[in-house]
Structures are given as C-alpha cells and as structure tokens.
Amino acid sequence: MEGDILDLDTVLSGVRECGWVFHCAAAYKFWTKDPCDIYKTNVNGTDNVLGASNIAGVFKKSFTLVRSAP
Numbered sequence: 001m002e003g004d005i006l007d008l009d010t011v012l013s014g015v016r017e018c019g020w021v022f023h024c025a026a027a028y029k030f031w032t033k034d035p036c037d038i039y040k041t042n043v044n045g046t047d048n049v050l051g052a053s054n055i056a057g058v059f060k061k062s063f064t065l066v067r068s069a070p
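Everything in the sequence shown is counted per our numbering, starting at 1 for the first residue and increasing by one.
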C-alpha cells in the first residue's frame, strides 16, 4: 500500500479486511532543522496505524523497528 500514514482515512482504507497489519513506515534522519516533522510521522503516524487497525477490527499487529539495513 502507498499512502500517507498521517491521513487516518487513507490508513483505514488500507487496513480494512486485513488479518494482519505490519507497520514499517517511519521518518528517519540523523539531523533536521524541524524535528516536529519526524515526530508527527513517527508518533502520530503510528497512532493512526494502530487506531485504524482497531477500528477495522484487525487485532494482529506487528511493529518493526530497524535503524539500518545492509
């Protein structure tokens, strides 16, 4: 699925009729002038994914956190 995790309606449409939700979306930068953007994406976006999953009745969720990959 492609979309903005800050848009609850988009996330909700993506998780409807799903048995599992794997949340791997994140904003990651070593440095930024405005850390609020990273906070909004990572915290509010995760809240939207979990909230939409609960609304849609998806009770199996997996959150993946990886700082870097080879």
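Backbone N, C-alpha and C fix where the C-beta goes; we use that ideal spot for every residue, glycine too.
Proximity below 8 Å, CB of Lys60 to CB of Gly19: yes
Opening and closing residue of the alpha helix (DSSP H) in which Val49 lies: 45-55
Through-space distance from Glu2 to Asp47, alpha-carbon basis: 17 Å
Rounded separation between His23 and Ala52 - CA only: 12 Å
Range of the contiguous alpha helix (DSSP H) that encloses Val15: 8-15
Residue range of the alpha helix (DSSP H) that includes Tyr39: 35-39
Leu6 versus Asn54: straight-line alpha-carbon distance, rounded: 16 Å
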